[in-house]
Each structure stands twice: as structure tokens, then as C-alpha cells.
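Q: Input: one structure, supplied below.
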Amino acid sequence: MVTCPYCGSEVDRQPGENVLTCPYCGTAFSLSGGEVGEHLMGRVNYTPRQIFELFKIWALRLPETPNDFNFEARFASYDLTFYPYWVYEVSGSFRTVGGLEVAAAEVTIPACSRVRGTPLERLKLSLAGKVYYSHRYVVQTGGKLAVADVGVEEADRAAVSIAELEVAQRLGRRLGRGTATRAEKLEKLARRLVHVPVYSCSYEYGGRAYRFMADASDSRILYAEIPVEARFRAAALAGAGSSFALAAASFALGLAYNLPAFALLTPLALAGVGAYCLYKASAREVVVKEFFAEG
Numbered sequence: 006m007v008t009c010p011y012c013g014s015e016v017d018r019q020p021g022e023n024v025l026t027c028p029y030c031g032t033a034f035s036l037s038g039g040e041v042g043e044h045l046m047g048r049v050n051y052t053p054r055q056i057f058e059l060f061k062i063w064a065l066r067l068p069e070t071p072n073d074f075n076f077e078a079r080f081a082s083y084d085l086t087f088y089p090y091w092v093y094e095v096s097g098s099f100r101t102v103g104g105l106e107v108a109a110a111e112v113t114i115p116a117c118s119r120v121r122g123t124p125l126e127r128l129k130l131s132l133a134g135k136v137y138y139s140h141r142y143v144v145q146t147g148g149k150l151a152v153a154d155v156g157v158e159e160a161d162r163a164a165v166s167i168a169e170l171e172v173a174q175r176l177g178r179r180l181g182r183g184t185a186t187r188a189e190k191l192e193k194l195a196r197r198l199v200h201v202p203v204y205s206c207s208y209e210y211g212g213r214a215y216r217f218m219a220d221a222s223d224s225r226i227l228y229a230e231i232p233v234e235a236r237f238r239a240a241a242l243a244g245a246g247s248s249f250a251l252a253a254a255s256f257a258l259g260l261a262y263n264l265p266a267f268a269l270l271t272p273l274a275l276a277g278v279g280a281y282c283l284y285k286a287s288a289r290e291v292v293v294k295e296f297f298a299e300g
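This is the structure:
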């Protein structure tokens with residue numbers, strides 16, 4: 006148990022948890038005593054059924070999706086988890102080869118280590134529509150809180166590194182060449198802890214189970230498993246066969262007319278197309294990691 010520094014209540018600590026949220030006053034605080042900043046959250050603006058209907062509309066935009074997906078896909082189950090993220094505003098002077106560059110960047114850092122290596126790691130957050138955190142609201146929605154085990158100091162270092170990379174990429178696009186940057190004098194390093202409500206849903210189609218994840222506040226699809234229509238797989242298989250046949254024919258033609266470059270490059274390109282079609286034909290489901298918002 007840890008004592009909340011603001012209201013004095015006893016707060017349960019999960020293993021590895023570095024940033025705790027008091028269930029009584031809603032305050033987020035660090036075990037190291039560091040300042041956390043504003044504690045915000047996204048509201049649950051969609052029911053699981055609404056999210057599923059939006060997901061089906063989104064899935065039908067993909068050419069692989071079966072035509073009857075909207076009618077035959079059946080919602081199975083869901084859970085709601087509020088995942089913590091550090092959201093930063095970083096601005097100041099960055100040292101480059103050509104001198105100093107004054108720039109600003111918005112950076113999102115997962116505050117939960119188990120998010121790393123998953124589609125949720127790539128989530129970029131805006132503070133628009135966020136409200137002050139309420140633990141009572143989390144309980145009312147039936148949601149769970151993911152453990153915030155990425156501490157303030159670690160997140161600060163990561164935020165500066167990502168800001169340096171983002172500024173370098175911007176300069177590279179502007180200058181037409183790669184460049185390195187280093188934060189020299191930061192005028193602003195504003196940090197906020199934001200809990201994002203995420204639905205993890207399962208559904209059934211054709212006797213098989215599939216999964217998708219969506220932001221419960223703005224309906225963005227974060228991860229999706231979608232069945233591939235049999236006709237699409239058959240067409241992809243036919244395309245693979247045609248590509249390999251054309252590759253063989255072009256190789257023979259190049260040898261017959263003593264065109265070594267044609268005999269080498271054209272079959273390689275066609276074989277690449279054939280391999281891609283074969284890969285598409287062998288896939289029984291398409292796994293996508295996308296961001297999509299209603300409207």
C-alpha cells in the first residue's frame with residue numbers, strides 16, 4: 006500500500022507500477038516523487054455495438070473483405086481497458102549541422118510497458134476532447150486500468166529523443182537530405198498523463214473467431230483481423246500463376262534474342278509480383294494496423 010500525497014488515502018500498488026492513480030481523489034502520482042502533470046482521460050463515446058457497426062463499415066473498404074461480411078459477422082465479446090500514455094509538448098532550440106533550429110513537437114509515449122511491440126505502441130494522441138481523470142467514471146464504464154509502469158524520468162528521456170528525431174525528419178524533408186539534431190535548450194517540456202479507453206473485441210465469421218481493437222472515445226480502429234473472401238484468394242492464385250508463366254516466357258525470349266538485361270530484370274519483376282499474389286492467396290485472414298475515425 007502507498008499513501009496518496011494529496012488526500013492521504015491508502016492506494017494499492019500493482020507489481021512494477023511506477024505511477025499510481027488514487028481511486029479516491031483521482032490524482033496520479035509517481036513513486037519517485039516527481040511531478041506527473043495534468044491527469045486526463047478520454048470518455049467512452051461509443052458502445053461496443055456501435056463500434057462493431059463502424060468496424061464492419063471500415064472493413065468493407067478493404068478489397069479482401071467478403072461481400073456478406075456486414076450481415077454474417079457476429080459480435081461475440083469485448084473488454085474495456087484504459088491504457089495510460091504520456092503526452093508531451095516539447096519546444097526549444099535544437100542543434101543541427103547548420104546551427105540552431107527553433108522547433109516544437111507533440112510526442113506520445115506509452116506509460117504501460119506491455120503496450121510495446123503491439124499496435125497500441127504507435128497510437129498518437131491529441132488532447133482534444135480529453136477531460137480530467139475520474140476513477141469513478143472508469144468503474145461506472147466497467148473498464149480496467151492498465152498498470153502505468155513507465156516512470157516520469159524514463160518517459161522524459163524518451164520524449165526528448167523522439168522530439169529530436171521528429172525535428173530531424175522535418176529538416177530532412179525541407180533540406181532534401183538526412184540530418185541529425187540534438188536538443189540544446191528546451192523552453193517547454195509539458196507532460197500530461199492520459200488514460201485512453203480501448204475496446205478489445207472478438208467476433209465470429211464463417212465459424213472462425215477474429216479480433217479487433219478500437220479507441221472507445223473516437224472509434225479509431227487500432228488493430229483488426231479480417232477474413233479473406235475465397236474469390237479474392239482464387240483471383241490472387243490465378244494472378245500468381247500468370248505472373249510466373251510470363252516470367253518464364255520473358256526469360257526464354259530474352260535468351261532467344263540475346264537480351265541479357267531483359268532476360269534477367271523482367272522475369273525477376275514478374276516473379277516478385279507472382280510471389281506477392283501467392284502470399285495473398287495463401288492468407289486466410291488479413292491483419293491490419295490502421296487508424297480510422299468516424300466521419
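To convert, note that position 166 of the sequence shown is 171 in our numbering; the numbers rise steadily by one, no gaps.
Glycine included, C-beta positions come from ideal geometry on N, C-alpha and C.
Everything numeric in this text was worked out from a predicted model, so none of it was measured.
Write down the C-beta distance between A195 and A64 rounded to the nearest angstrom, noting that I regard them as a contact closer than 8 angstroms.
A: Not a contact, Cβ separation roughly 38 angstroms.
Q: Taking the alpha carbon of T8 as the point to measure from, which residue in P20, L36 and E22 has its own alpha carbon closest?
A: The residue with the shortest Cα to Cα distance from T8 is L36.
Q: Are there any heavy atoms of the ligand FAD lying less than 8 angstroms away from the beta-carbon of V112, as far as the coordinates show?
A: Absent from the structure shown: the ligand FAD. Ligands present: none.
Q: Rounded to a whole number of angstroms, what is the C-alpha to C-alpha distance between D17 and S82?
A: Cα to Cα, the separation comes out at about 29 angstroms.
Q: Count the other C-beta atoms from every protein chain shown that fall within 10 angstroms of the C-beta of P68, then say buried if there are 16 or more, exposed otherwise.
A: Exposed, by the Cβ-count rule.
Q: Quick test of your reading: F202 and S222, contact by CB under 8 angstroms. State the CB separation rounded to the nearest angstrom.
A: It should be pointed out that residue 202 corresponds to Pro in this sequence rather than to Phe. That pair is a contact at about 6 angstroms.
Q: Around the C-beta of F57, are 16 or more other C-beta atoms found within 10 angstroms, so that it is buried, or is it exposed?
A: Label assigned to F57: buried.
Q: Select from L128, I231 and F217 the residue whose C-alpha is nearest the C-alpha of C206.
A: Minimum Cα distance to C206 is reached at F217.
Q: Quick check on this structure: which residue in D220, G211, E94 and V233 has the alpha carbon closest to the alpha carbon of A78?
A: Considering only alpha carbons, the answer is G211.
Q: Please return the same chain residues whose Cβ sits closer than 6 angstroms to the Cβ of F237, not counting the five positions on each side in sequence.
A: With a pLDDT of only 40 at F237, under 50, the local geometry of the prediction cannot be trusted, and no value is derived from it.
Q: How far does the alpha helix (DSSP H) with L85 in it extend, from its first residue to its last?
A: Per DSSP, L85 belongs to no alpha helix (DSSP H); it is in the beta strand (DSSP E), R79 to T101.
Q: Just tell me which of V24, Y93, T86 and Y11 has its CA closest to the CA of E192.
A: Measuring from the Cα of E192, the nearest candidate turns out to be Y93.
Q: Quick check on DSSP: helix, strand or coil for K190?
A: Here K190 sits in strand by DSSP.
Q: Which first and last residues belong to the alpha helix (DSSP H) in which D161 is found?
A: D161 -> alpha helix (DSSP H) spans V157 to L180.
Q: Just to confirm the assignment: which complete beta strand (DSSP E) runs, minimum length 3, are found wholly within the region 195-224?
A: As far as the region 195-224 is concerned, its whole beta strand (DSSP E) runs of at least 3 residues are 213-220.
Q: Which residues in the same chain as C12 place their Cβ atom closer than 6 angstroms to its Cβ, once the five residues preceding and following it in sequence are excluded?
A: Taken in chain order, the residues that qualify are Y29 and C30.
Q: Is the beta carbon of P71 sitting closer than 9 angstroms to the one on V233?
A: It is a contact, given that the beta carbons lie within the stated cut-off.
Q: Would a C-beta distance cut-off of 9 angstroms place L132 and V199 closer than the cut-off?
A: Going by C-beta atoms, L132 is nearer than 9 angstroms to V199.
Q: Once you ignore the five residues that flank E106 on each side, which residues in its own chain have a CB closer than 6 angstroms to its CB?
A: Contacts found: F99.
Q: Kindly confirm or deny that the region 109-116 and the region 150-162 touch, where touching means at least three C-beta pairs closer than 8 angstroms.
A: Yes, they touch.
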